[in-house]
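Participant: Counted from 1, the sequence shown has number 328 at position 272 by this note's numbering; the numbering is strictly sequential.
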Amino acid sequence: MKTEENFHIPVLSHEAVKYLINESLEYQILADGTLGGGGYTKLICENTKPTDKVISIDKDLNALLYSEKLLENQKEKIIFVNGNFGDLKDILDEIKIEKLTGLVLDLGLSSYQLEAESGFSFMKDTDLDMRAYKKDGITASEILNSYKRDELEEIFENYGEIGNAGRLVKAITDKRKIKKFNSTFDIVNLIKEEYKINKKNEIDFLAKIFQALRIKVNNELINLEKVLNDSLDLIEEGGRIVVVSYHSLEDRIVKNFFRKESEKYKESDNPFYKTEVEPKLKIITKKAVKPSPEEIKINPRSRSAKLRAAEII
Ligand SMILES: C[S@@+](CC[C@H](N)C(=O)[O-])C[C@H]1O[C@@H](n2cnc3c(N)ncnc32)[C@H](O)[C@@H]1O
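#1: Would DSSP call G219 helix, strand or coil?
#2: At the level of alpha carbons, what is the spacing between G158 and Q84?
#3: Taking only heavy atoms of ligand 1 into account, decide whether any of them is closer than 7 Å to the Cβ of D162.
#4: Only counting the same chain, and skipping five residues up and downstream in sequence, which positions put a Cβ closer than 6 Å to that of I234?
#5: Between G193 and V137, how many whole angstroms is the CB-CB distance? I'm expecting something under 8 Å.
#6: Check E293 in the structure and name its three-state DSSP category.
#7: State the beta-bridge partners of K338 as determined by DSSP.
#8: Bridge partners of K109, per DSSP?
#9: Helix, strand or coil: how does DSSP classify K145 here?
#10: Rounded C-beta distance between L156 and L91? I'm assuming under 8 Å.
#11: Rounded to whole angstroms, what's the CA-CA distance from L280 to D162? Just pull it up for me.
#12: Do you know whose CA, among G219, I259 and K98, lies nearest H64's CA?
#13: Note the first and the last residue of the continuous alpha helix (DSSP H) segment covering K311.
#14: Give the C-beta separation of I340 and A365 to the nearest angstrom, bearing in mind that I take them to be a contact with Cβ-Cβ under 8 Å.
#15: With a 10 Å radius around its C-beta and 16 neighbouring C-beta atoms as the bar for buried, classify S80 as buried or exposed.
#16: Would R296 pass as a contact of L120 if the rule is Cβ separation under 8 Å?
#17: Should F141 be listed as close to ligand 1, given that the test is whether its C-beta is under 7 Å from any heavy atom?
#18: Thinking just about the alpha-carbon of each residue, which of R232, E128 and T195 is nearest to the one in R205?
#19: Out of curiosity, what's the CA-to-CA distance linking K133 and I278?
#20: Taking a contact to mean a Cβ-Cβ separation below 8 Å, would you say N103 touches V73 in this structure?
#21: DSSP three-state label for T229, please.
#22: Could you check if R308 is buried or exposed, using at least 16 other CB atoms within 10 Å of its CB as the buried criterion?
#23: For Y321, count the other beta carbons within 10 Å of its own beta carbon; 16 or more makes it buried, fewer makes it exposed. Which is it?
#24: Which first and last residues belong to the alpha helix (DSSP H) in which D260 is found?
#25: With distance defined between alpha-carbon atoms, name the residue in D183, P349, V310 and E173 nearest to N118.
#26: Should N257 go down as buried or exposed, given a rule of 16 or more other Cβ atoms within 10 Å for buried?
#27: Taking 7 Å as the line, does the beta carbon of H70 fall inside it for any heavy atom of ligand 1?
#28: With a 10 Å radius around its C-beta and 16 neighbouring C-beta atoms as the bar for buried, classify D260 as buried or exposed.
#29: If we call anything under 8 Å between Cβ atoms a contact, is A227 one with E210?
#30: Check for me: the alpha helix (DSSP H) holding K248 runs from which residue to which?
#31: What do you reckon, is the C-beta of N103 under 7 Å from a heavy atom of ligand 1?
#32: F313 to F212, Cα distance in whole Å?
#33: How should I253 be labelled, buried or exposed, when 16 other C-beta atoms within 10 angstroms of its C-beta is the threshold for buried?
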């Protein structure tokens, strides 16, 4: 039996919900774009009126089924959607909701996915799949077995921030001529054979390789950029955007987006003048909010989390 604890321990949940709900608004129609184990949605339900609404989305059907059961007693308030937050606009069209009063995203994977689903963890030997949405898309093994060298280099450089990705890619393309990549341990064994580095460096390196493949397989950064841009039209004045991210690539996208959309001036053709523009956002977390030492002690997976929030103006 999966409990709330072992499905996923929510990270920065009280902070996320505090920033998400603008209490000066008359009613709330909030979207939780990353339902996972339902921790955020549960807290949102506890902090809103019975007439308010929550749209809870997850790509992963297992997460959706688990949370639907957990939140059975709140089913009047919640609309559960098995979909991609990158398609938020279409999802809202389909359920006939014009505007939200807030959107929260708690990016990455749930503990359940990391531990039980195929390909995400290099600690266990499973199929090298990595798709959170099993209905479509290319798997991690298909990428390793079929992409050209320059395409693979781009993935490892851009999404894993791996230096000298050329050496890694050469090892992969040499290996796949002899045996195709099918399982997570095919990568682990390649790194052990090729690099012969100490255990700590090996784990750091594998984490970067797995991160890069996961981002590519699930279009993670593309979906994040899309939903942030769309949210400017989908959230009403006074509504909030809250994002919790777990690595620098995601955090940079959120930080730059908030900064750009809150600026009062933009570069113009004339290098000596900037053009005045109406900002669309007000940043409400001057610096990223991080978990307390107590939270990190209870839940070490929270250590890299950063929360940023902004309000539509
Ligand atoms: C860190 S967990 C969220 C945990 C959740 N806040 C809780 O309290 O249990 C991230 C979840 O987001 C989902 N996810 C990641 N990218 C997604 C996307 N583009 N669209 C929808 N769900 C996504 C994952 O499947 C996973 O269940």
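Glycine is no exception: its CB is placed at the ideal position from the N, C-alpha and C atoms.
Facilitator: Let me lay it out:
#1: In the sequence shown, counting from the first residue as 1, residue 219 sits at position 163. G219 falls in the coil class under three-state DSSP.
#2: Here residue 158 corresponds to residue number 102 of the sequence shown, with the count starting at 1. Here residue 84 corresponds to residue number 28 of the sequence shown, with the count starting at 1. G158 and Q84: Cα-Cα distance of roughly 8 Å.
#3: By one-based count along the sequence shown, residue 162 stands at place 106. For ligand 1, at least one heavy atom lies less than 7 Å from the Cβ of D162.
#4: Stepping through the sequence shown from its first residue, residue 234 is reached at position 178. Here the set comprises nothing.
#5: Stepping through the sequence shown from its first residue, residue 193 is reached at position 137. Stepping through the sequence shown from its first residue, residue 137 is reached at position 81. At roughly 18 Å, the Cβ-Cβ gap does not stay under 8 Å, so G193 and V137 are not in contact.
#6: Position 237 of the sequence shown, counted from the start, is the residue given in the question as residue 293. Correct three-state label for E293: strand.
#7: Here residue 338 refers to the residue found at position 282 when the sequence shown is read from its first residue. In the DSSP output, where bridge partners are listed per residue, K338 has E367.
#8: The sequence position of residue 109 within the sequence shown is 53, counting from 1. According to DSSP, K109 bridges with I85.
#9: Along the sequence shown, one-based indexing puts residue 145 at 89. Residue state, collapsed to three classes: helix.
#10: The residue you call residue 156 lines up with position 100 of the sequence shown. The residue you call residue 91 lines up with position 35 of the sequence shown. Incorrect: roughly 15 Å between the Cβ atoms, too far for contact.
#11: For the purposes of this step, residue 280 is taken as residue 224 along the sequence shown, with counting starting at 1. For the purposes of this step, residue 162 is taken as residue 106 along the sequence shown, with counting starting at 1. Rounded to whole angstroms, L280 to D162 spans 11 Å at the Cα level.
#12: Residue mapping note: residue 64 aligns to position 8 of the sequence shown, counting from 1. H64 has its Cα closest to that of K98, out of G219, I259 and K98.
#13: Counting from one through the sequence shown, the residue named residue 311 turns up at place 255. Its alpha helix (DSSP H) spans residues S304 to S318.
#14: Position 284 of the sequence shown, counted from the start, is the residue given in the question as residue 340. Position 309 of the sequence shown, counted from the start, is the residue given in the question as residue 365. At roughly 5 Å, the Cβ-Cβ gap stays under 8 Å, so I340 and A365 are in contact.
#15: Taking the first residue of the sequence shown as 1, we reach residue 80 at position 24. The residue in question, S80, is exposed, as its Cβ has fewer than 16 Cβ neighbours within 10 Å.
#16: Numbered from its first residue, the sequence shown carries residue 296 at position 240. Numbered from its first residue, the sequence shown carries residue 120 at position 64. Going by C-beta atoms, R296 is not nearer than 8 Å to L120.
#17: Counting from 1 along the sequence shown, the entry for residue 141 is found at position 85. The answer is yes for F141.
#18: As a first step, residue 205 is located in the sequence shown; it is residue number 149 there, counting from the start. If we check each option's Cα against that of R205, R232 comes out closest.
#19: One-based indexing of the sequence shown puts residue 133 at position 77. One-based indexing of the sequence shown puts residue 278 at position 222. The alpha-carbon atoms of K133 and I278 are separated by roughly 30 Å.
#20: Position 47 of the sequence shown, counting from 1, holds the residue named residue 103. Position 17 of the sequence shown, counting from 1, holds the residue named residue 73. A contact, by the Cβ cut-off of 8 Å.
#21: Looking up residue 229 in the sequence shown gives position 173. Of the three classes helix, strand and coil, the one that applies to T229 here is helix, per DSSP.
#22: In the sequence shown, residue 308 corresponds to position 252, counting from 1. Exposed is the call here.
#23: The residue you call residue 321 lines up with position 265 of the sequence shown. Exposed: under 16 other Cβ atoms inside 10 Å.
#24: Taking the sequence shown and counting its residues from 1, the one referred to as residue 260 is at position 204. From DSSP, the alpha helix (DSSP H) with D260 extends over K255 to V273.
#25: Translated into positions along the sequence shown, residue 118 becomes position 62. The shortest Cα separation from N118 among D183, P349, V310 and E173 belongs to E173.
#26: Numbered from its first residue, the sequence shown carries residue 257 at position 201. Exposed is the call here.
#27: Within the sequence shown, residue 70 is the residue found at index 14, counting from 1. No.
#28: To locate residue 260, count along the sequence shown from 1; it is residue 204. D260 should be labelled exposed.
#29: Within the sequence shown, the letter at position 171 stands for residue 227. Within the sequence shown, the letter at position 154 stands for residue 210. No.
#30: Looking up residue 248 in the sequence shown gives position 192. T240 to Y251 is the span of the alpha helix (DSSP H), which, as asked, contains K248.
#31: Looking up residue 103 in the sequence shown gives position 47. No - ligand 1 has no heavy atom lying nearer than 7 Å to the Cβ of N103.
#32: Residue 313 sits at position 257 when you count from the first residue of the sequence shown. Residue 212 sits at position 156 when you count from the first residue of the sequence shown. So the alpha carbons of these two residues sit roughly 24 Å apart.
#33: Mapped onto the sequence shown, residue 253 falls at position 197. With fewer than 16 Cβ atoms within 10 Å of its Cβ, I253 is classed as exposed.
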